[in-house]
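As structure tokens, the structure follows; a few thoughts come after it.
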Amino acid sequence: MMTKTRERKKAVVTDEQLIARFQQGDVQAYDTLVRRYKDQLLNFVYRFVGNRSDAEDIVQETFLRVYRNKHYYKEIAKFSTWVYTIAGNLAKTELRRRKRHKVFSVSNFVNEERDYDIPDKEHNPERKVDGTIKEDIIQKAIEKLPPKFKEVIILRDVQGFAYEEISQILNIPLGTVKSRVNRGRLKLQEDLKFLFENEPKGAV
Amino acid sequence: MSDCDKFKMHFSGYLDGDLTPTLRKELESHLSACVECDETFRQIKTIQQSMRELPQINTSLDFEQRLHRQLSGLSRSSSFFPQPWQNWKLPAMGSALVLATVGMFLIFNHSIEPTQAPFPNQAATQLSGAKPSPQLEASSGVSQDYESKTLITGDSLRNDSMQIKEDGMKLVGEQQ
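What follows is the structure, given as structure tokens:
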């Protein structure tokens, strides 16, 4: 009973309380924040940069910055907003660095390189693409989006953030977020229609 | 802008339940009449659903260990200065550097004074034209007394000339 009550108490400690404790020197509070956010940040950054190892390095750097700059956090914003802003900026910097060094080429794969193993119509009349390949194609299409659409699409449709919080994370007006989400979704549909066309209505 | 383009601008709002009742009805009526827009909207909905279902990845098992290693490196590198000093250590180091540079400049500036060269003949041949004219010397306002006291001996031409002589420092200080 005692343990249950204690666990419940632990569960309701908010991120903002944890960062406040960390600002006063409680390193365990920092560790709790790392455990809470490491995986969701990794998914956010991975969808952004498309490389797991780079994504993990960026998340490491994000937490290092949280550690070093803990006193810059003010409780006017949610902790999640702050930490996502840091991670998002680092991810954008990484993309800019890659562009400068031409580490990778943004291939216009959807229109030019459709060399994915899409099952033959004859053998699979329902044209169900293997799940992993489909996920891979969707990931590539997300990566191919212009950064301003990509960040809002990942935050909204992959991570499920509210428009208001996206607006705070990216520091852009709410109307701009909504408009970019709409344009980003249309762009994705344009790039991915070969994958989803002629699916029976209502099929997901 | 065609009707289709106009309604496409509201697809997200419709998907998120963010439209006014009037606009929603107009859009629904357009979708039931336009096969192309209906198909586009259906695909957007399907893609959005697929993105929500993308597999989640996890950080590697040693993620926290690696982070702690980096953090301990961070605190070791900053432990040279106690915590309360860390906010002003950079400006302090910067000031020290500037002072050291100015000090070095003052010392070496006097050491290359042509009139004080330890081997006047050689200096005159190697640095012809470097010697200031008598007029310039007179107008510079530097007294002979000052120069003679800051004399740096022939040692300044040796390899260890970067070593600052204690008496030289003392004399400069006294003159000032």
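Line order of the protein sequences matches chains Z and W.
For the first sequence, the numbering used here begins at 2 and goes up steadily by one.
For the second sequence, the numbering used here begins at 15 and goes up steadily by one.
Glycine included, C-beta positions come from ideal geometry on N, C-alpha and C.
Predicted model only: the values in this text are computed from it and were never measured.
| task | Decide yes or no for the touch test of the segment 32-39 of chain W against the segment 182-192 of chain Z: beta carbon pairs closer than 8 Å, at least 3 of them. | result | no
Below-7 Å beta-carbon distance, I171/Z vs any chain W residue: Sequence check: residue 171/Z is Leu here, not Ile. L171/Z does not count as touching chain W.
| task | Please determine, among L175/Z, I154/Z, L196/Z and I20/Z, the residue with the shortest C-alpha to C-alpha distance to G132/Z. | result | L196/Z
If you draw a straight line from the C-alpha of L19/Z to the C-alpha of Q70/W, how long is it? If I take the Cα positions, the gap works out to 25 Å.
Q) Between the Cα of K39/Z and the Cα atoms of L85/W, G108/W, L81/W and D19/W, which residue gives the shortest distance? A) L81/W
* Under 8 Å Cβ-Cβ, which residues of chain Z neighbour Q62/W? -> D158 and R186
**Contact set between the segment 86-98 of chain Z and chain W, restricted to residues whose Cβ is under 9 Å from the partner** = none
Open item on the list: Taking only three categories from DSSP, how would you classify I48/W?
Closed with: Checking the displayed sequence, the identity of residue 48/W turns out to be Cys instead of Ile. Reduced to three states, the DSSP call for C48/W is coil.
**Item:** Interface flag, N183/Z vs chain W, CB-CB below 7 Å
**Value:** yes
Subject >> Start and end residues, alpha helix (DSSP H) containing A88/Z >> reply: F80 to H102
* Closer than 9 Å by beta-carbon distance: list the chain W residues that pair up with V153/Z, in chain order. => Result: empty, since nearest Cβ-Cβ is about 10 Å, beyond 9 Å.
- Task: State yes or no: is the C-beta of L146/Z within less than 7 Å of the C-beta of G185/Z?
- Result: Against a cut-off of 7 Å, the Cβ pair of G185/Z and L146/Z comes out as a contact.
Q | Simplified DSSP state of K188/Z, which is helix, strand or coil | A | helix
Going by DSSP in three states, G87/W sits in which element: helix, strand or coil? helix
Would you list, in chain order, the members of the segment 64-79 of chain Z that have their beta-carbon closer than 8 Å to a beta-carbon of chain W? F64, L65, Y68 and R69
Practice task
For my contact list, L96/Z and I59/Z are in at a C-beta cut-off of 8 Å; report their separation, rounded to the angstrom.
Solution key: 10 Å between Cβ atoms; not a contact.
### Message
Mapping the DSSP letters down to three states, classify K194/Z as helix, strand or coil.
### Response
helix
> From V50/Z to C48/W, what distance separates their C-alpha atoms?
Replying inline: Looking at the two C-alpha atoms, the distance is approximately 37 Å.
Quick check: the Cα distance between Y164/Z and K179/Z, rounded to an integer number of angstroms? 7 Å
- Message: Looking at S64/W: is its Cβ nearer than 7 Å to the Cβ of N183/Z?
- Response: no
Q. Between the C-alpha atoms of A56/Z and E53/W, what's the straight-line distance to the nearest angstrom?
A. 35 Å
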